[in-house]
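Chemist: Chains A and B, in that order, give the protein sequences.
The opening residue of the first sequence carries number 4 in the working numbering; numbering runs sequentially from there.
The opening residue of the second sequence carries number 33 in the working numbering; numbering runs sequentially from there.
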Amino acid sequence: MNIVVCVKQVPDTATERKLRSDDKTLDRDAADGVINELCEYAVEEALRLKEAHGGEVTVLTMGPGKATDTIRKALAMGADKAVHLVDDALHGSDALGTSYALAQTLKKIGFDLVVLGSESTDARTGVLAAMLAERLGVPQLTFSNKVEVNGETITAQRVTDYGYDRVEASLPAVVSVVEKINEPRYPSFKGIMAAKKKPVTTLGIADAEIDASQVGLANSWSEVVDFAAAPPRAAGTIVKDEGDGGVKTADFLASKKFV
Amino acid sequence: MDFTLPESALAVQRGVTDVCARYDLGYWQRCESEKRWPQEVWDDLARGGWLGLAVPEEYGGGGQGLLELAVATEALSASGAAGGSAFTYVLTPGFGALTLARHGSPRQREELLPKLATGEVETCFALTEPDAGSDSLGISTFARRDGDEFVVNGRKVWITGVQRATWMLLVTRTVPAAEAKPRSHGLTILLVNVPEAVAAGSLSYRPIPKMGANTTPSNTVFVDGLRVPAANVVGEVDQGSRVLWDILNPERILLAAGGLGAAEVALSVAVRYAGEREVFGRPIGANQAVAFPLAEVKAKIELARLMVHKAAWLFDAGLPCGTEAGIAKLAASQAAWESADRAFQTLGGMAYSLEYPVARLLADARIGKVAPVTEELLLNHLATRVLGLPRSF
Ligand SMILES: Cc1cc2nc3c(=O)[nH]c(=O)nc-3n(C[C@H](O)[C@H](O)[C@H](O)COP(=O)(O)OP(=O)(O)OC[C@H]3O[C@@H](n4cnc5c(N)ncnc54)[C@H](O)[C@@H]3O)c2cc1C
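(1) With 16 other CB atoms within 10 Å as the buried threshold, where does N153 (chain A) fall?
(2) What residue from B:N246, B:V266 and B:T416 has the CA that sits closest to P138 (chain B)'s CA?
(3) Compile a chain-ordered list of the residues in the segment 186-217 of chain A whose CB is closer than 7 Å to at least one CB of chain B.
(4) Using only alpha-carbon positions, find the residue among B:L414, B:E408, B:G420 and B:A403 that is nearest to T160 (chain B).
(5) Using a threshold of 8 Å, state whether the C-beta atoms of S234 (chain B) and G257 (chain B) are closer than that.
(6) Run through chain A and tell me which residues come within less than 8 Å of V44 (chain B), C-beta to C-beta.
(7) Between the segment 50-68 of chain B and chain A, which residues of the former have CB atoms less than 8 Å from a CB of the latter, in chain order?
(8) Check whether the Cβ atoms of L85 (chain B) and G92 (chain B) sit closer than 8 Å, and answer yes or no.
(9) Is it true that the CB of R392 (chain B) sits closer than 8 Å to the CB of L326 (chain B)?
(10) Whose CA, out of B:T248, B:Q61 and B:Y121, lies closest to the CA of E100 (chain B)?
(11) On the criterion of 16 or more Cβ atoms from any shown chain inside 10 Å, does Y165 (chain A) qualify as buried, or is it exposed?
(12) Any heavy atom of ligand 1 closer than 7 Å to the Cβ of V405 (chain B)?
(13) Along the alpha helix (DSSP H) that carries R141 (chain B), what are the first and last residues, could you check?
(14) Any heavy atom of ligand 1 inside 7 Å of the beta-carbon of F157 (chain B)?
(15) Can you give me the Cβ contacts of E181 (chain B) inside the same chain, cut-off strictly under 7 Å, excluding the 5 residues immediately before and after it?
(16) Give me the residue from A:I74, A:A231, A:S123 and A:K251 with the minimum Cα distance to R23 (chain A).
(17) Is the beta carbon of A82 (chain A) less than 8 Å from the beta carbon of V8 (chain A)?
(18) With a Cβ-Cβ cutoff of 8 Å, do Y189 (chain A) and V51 (chain B) count as a contact?
(19) Kindly give me the distance between the Cβ atoms of N358 (chain B) and L410 (chain B), rounded to whole angstroms, as I take these residues to be in contact under 8 Å.
(20) If you draw a straight line from the C-alpha of S117 (chain B) to the C-alpha of S109 (chain B), how long is it?
(21) So, helix, strand or coil for R236 (chain A), using DSSP?
(22) Give the residues from the segment 255-277 of chain B that approach chain A closer than 9 Å (Cβ to any Cβ), ordered along the chain.
(23) Can you find a heavy atom of ligand 1 that lies under 7 Å from the Cβ of K54 (chain A)?
(24) As a quick exercise: from B:S172, B:T220 and B:T416, pick the residue whose alpha carbon is nearest that of P162 (chain B).
(25) Quick one: what's got a C-beta closer than 6 Å to A295 (chain B)'s C-beta in the same chain, skipping five residues either side?
(26) If you reduce the DSSP assignment to three classes, tell me which class M134 (chain A) lands in.
(27) Go ahead and pull the three-state DSSP assignment for W190 (chain B).
(28) Using three-state DSSP, classify Q195 (chain B) as helix, strand or coil.
(29) Tell me whether R238 (chain B) is buried or exposed, calling it buried when 16 or more other Cβ atoms sit within 10 Å of its Cβ.
(30) Suppose the cutoff is 6 Å on Cβ atoms and the five residues either side in sequence are ignored; what does the same chain contact list for I316 (chain B) look like?
(31) Using DSSP's beta-bridge definition, name the partner residues of P239 (chain B).
(32) How many angstroms separate the CA atom of E154 (chain B) from the CA atom of S179 (chain A)?
(33) So is the beta-carbon of D167 (chain B) under 7 Å away from any non-hydrogen atom of ligand 2?
(34) Among residues of its own chain, excluding the 5 on either side of V203 (chain B), which ones have a beta-carbon nearer than 7 Å to its beta-carbon?
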């Protein structure tokens, strides 16, 4: 099975994250880049599927030059090779632009299964898997906490508010995973050493036949108009129990539409 | 000259830091107060091949040397384990794997190295005796030859990790210290199967209640008519001092590396607090009286690290490294102690609260100035061997 895992580099959530004042995009130089946490789960799932069914795992990353660190990490976990889509023209692409660029690249490199994390810790749109499936014209099995492949059929448990749905599709397909799906392995010493020698192909937009007018900040459908720091948290409401604490708490929750 | 670490060491730094990132200061604090072996970390380190770094590849290890082990020890220590718990890492990857990789007989290597590489089998090291600590050549535990075996009697103290060890590297005398010429002659190092010896009733141990480093107990060990096959001699009979120095120098270097990590973690606690705590309307770190000592600690850590890496590099190159290992140990344990002490001062009264990690880091750093070798003994070596001053002992 030819599995492609989409892996994104994001700013470390442990450090202060900033937007650039000039074009209001994420300031990727201000923070250390790390692998998006859910992408580790995606890599792990891809590796497990490969271990069970054979085949190859390719990492696909769209991102600036420094994203190679993140690619190496995925390779150190055990992926076989990587494709790095890097081009200044891609800077500032929104979800639509990103899904288009990734879909073009996927068409170019081929796949039986695409695995993604269900969202990234920086943008948190959570729509990329669905957009990608639509652009590729293949089924989507999103928010999965369990995935099984049987011949040409893929089955997943799709997490919902009330439990999960069992969904089934034929390959090729796109799967996105949630963190309950597995426990990602750490790169081993041998894995890290071997990762240095694994092939990483760098593609620009021309190589992947990406139309420049559909990507980048200027061509984004969504626009960041303004941004401000989150206001400091206001003091909480303290309910004093004078025999009616339960009622007051319930009223408060109702007023906030929690119950 | 090139000061960048080799790729192998960088991989270790990244990999071990990654593994340990899941365990914070709180985790290590709990292990310490529950006097519990950090099993989760141990298992994760084993899975990634980090315990077998110094085991040759043909025995399933990483094929690396002391430099990689030192970098791993620092990373483990800096994650919150601190020096005392970094000792957990020295026992098997250091004492066991590194020693047998260099000095084990083909049979010992074949039997033990693959299991040491995976952490399946653990080791400990027994040198110190009630009447011979700093004066380690003055040990009296005696191994008498009896056909194909040695019969050993004696007592050891402070032996760390006996509870988990399958094998003990037991340092014995086969020529009494008083008759040995030179005094370093007549030492023999034996591999003792601990569970078997305990079952045979010829070895027993009792943990010593201690001030810190409680993730691994240290014990008084009683050896009484212990029979060890002659095939279990590491190196050669009477020539154990050669092997011994290849245990003691790496131990100093690894625990120096543990000291670096301990210094870094205490410093980071202090720096965070100094930036956040406001007194008289400004962060205390804005006072040079608070900031400068922390800056000085940073400088000392960096200096000590250069020496740790240099000493490890010398060892790996098969060059003499005793003086450098000693200087590394001296510098790193002083940096660790100063860092913990300054962290204590920075946190003020809160440092004394067990809800902050500083008290543990302070108790932990204190031991580095005494074990595995005291500062005075290291200075003695520098004074007499390097400066050529008259011997005091
Ligand atoms: C937590 C812990 C774990 C340990 N683990 C192990 C282990 O696993 N295996 C093992 O074999 N040992 C272990 N040890 C023992 C350790 O190596 C010894 O404690 C250390 O070598 C010092 O020996 P000592 O305690 O007998 O001190 P002593 O030799 O009695 O020294 C006491 C004091 O006198 C000073 N002194 C002595 N002679 C001189 C001199 N000539 N000039 C100046 N000062 C001098 C010393 O510097 C020291 O300050 C451990 C110790 C501790 C505390």
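Cβ coordinates follow ideal geometry from the N, Cα and C atoms, glycine included.
Modeler: Result, derived from the coordinates:
(1) exposed
(2) B:V266
(3) Y189, P190, S191, F192, K193, I195, M196 and K199
(4) B:A403
(5) yes
(6) F192
(7) D50 and V51
(8) no
(9) no
(10) B:Y121
(11) exposed
(12) yes
(13) P138 to T150
(14) yes
(15) R259, V260, P261 and A262
(16) A:A231
(17) yes
(18) yes
(19) The question names Asn, yet the displayed sequence has Gly at residue 358 (chain B). Between L410 (chain B) and G358 (chain B) the Cβ distance is about 4 Å, and since that is below 8 Å, they are a contact.
(20) 7 Å
(21) coil
(22) none
(23) According to the sequence shown, residue 54 (chain A) is Glu rather than Lys. Not under cutoff, so the answer is no.
(24) B:S172
(25) I333, A367, A368 and S371
(26) helix
(27) strand
(28) coil
(29) exposed
(30) A306, R309 and V322
(31) B:N251
(32) 42 Å
(33) As for ligand 2, it is missing from this structure, which binds only ligand 1.
(34) A158, L159, I171, L219, I221, G272 and L276
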